[in-house]
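Remarks on the structure that follows.
Residue numbers (this note's numbering): 38 to 268.
Encoded structure:
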């Protein structure tokens, strides 16, 4: 038997967002309590809200949108988890990850422990620690993954983004390196942000990423399922 883990957060109106993102709105359109025939709701959300996956079109106008990827290409069976505890505003450098990778790693999960600061925020406000001063991926680390780890197809992180408001230029550079389609021979490395990466289990055997398939957007919120075989 396999145990299934949900490695993504549920969407709600109070979830933390990267600074500058539009607020999430969940509102009732029809209500049985008000005498309507059924319950129906309206959802207004940024495509980078909550657990989401960045496609190449996030930084390249000619890059693939996440809806251009079929579901089979978002199944991962060689997962490496890097325990990389970081303080607020600290860079994730190549040395933090090198010992955690195998030659077959296709999904790298970076567990900084920063999710302990994730929590609900008041509408129109931001969680300054989690949203604005998170650990971020150094551009040298992004370059190392693109140039020397050809098997990696995606990375995930338990922070609001691989970028931090405290060092936006570095974050932008890391995004561009990972998602670039023209500078490297290998395919872009997709980026999963605001991911739930729990302490343990010692391994995750398979991960399936299911994005919201929607035309004409670069990236999308996603549900992520992790599978762990019982011993």
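For every residue, glycine included, the Cβ atom is placed at its ideal position computed from N, Cα and C.
Cutoff 7 Å; reference residue i; Cβ partners in own chain excluding five residues on either side
i: residue 204; result: 173
i: residue 45; result: 88, 232, 233, 259, 260, 261
i: residue 177; result: 130, 131
As assigned by DSSP and simplified to three states, the class of residue i
i: residue 124; result: coil
i: residue 54; result: coil
i: residue 103; result: helix
i: residue 113; result: strand
i: residue 264; result: strand
i: residue 156; result: coil
i: residue 195; result: coil
i: residue 249; result: coil
i: residue 221; result: coil
i: residue 89; result: strand
i: residue 173; result: strand
i: residue 240; result: coil
i: residue 134; result: helix
i: residue 213; result: helix
i: residue 43; result: strand
6 Å CB neighbourhood of residue i in its chain, flanking five on each side removed
i: residue 59; result: 83
i: residue 152; result: 195
i: residue 133; result: 121
i: residue 112; result: 245
CA nearest to the CA of residue i, picked from the options
i: residue 106; options: 263, 227, 144, 77; result: 227
i: residue 240; options: 146, 68, 110, 257; result: 146
i: residue 208; options: 150, 180, 100, 103; result: 180
i: residue 216; options: 78, 263, 189, 67; result: 189
i: residue 74; options: 114, 66, 80; result: 66
i: residue 213; options: 248, 237, 175, 185; result: 175
i: residue 49; options: 101, 80, 69, 115; result: 80
i: residue 230; options: 250, 131, 224, 193; result: 193
i: residue 185; options: 211, 219, 135; result: 135
i: residue 108; options: 250, 267, 263; result: 250
Contact set for residue i: own chain, Cβ-Cβ below 8 Å, skip 5 residues either direction
i: residue 117; result: 137, 138, 139, 142, 144, 145, 146
i: residue 169; result: 56, 163, 201, 202, 203
i: residue 187; result: 223
i: residue 78; result: 63, 64, 65, 66
DSSP beta-bridge partners of residue i
i: residue 77; result: 67
i: residue 59; result: DSSP lists no partner for residue 59.
i: residue 146; result: 118, 193
i: residue 259; result: 248
Distance cut-off 8 Å: residue i Cβ against heavy atoms of the ligand PLP
i: residue 220; result: For the ligand PLP, the structure offers nothing, since it holds no ligand at all.
Under 8 Å, with one C-beta from each stretch per pair, do the segment 113–130 and the segment 85–99 reach the 3-pair mark?
no
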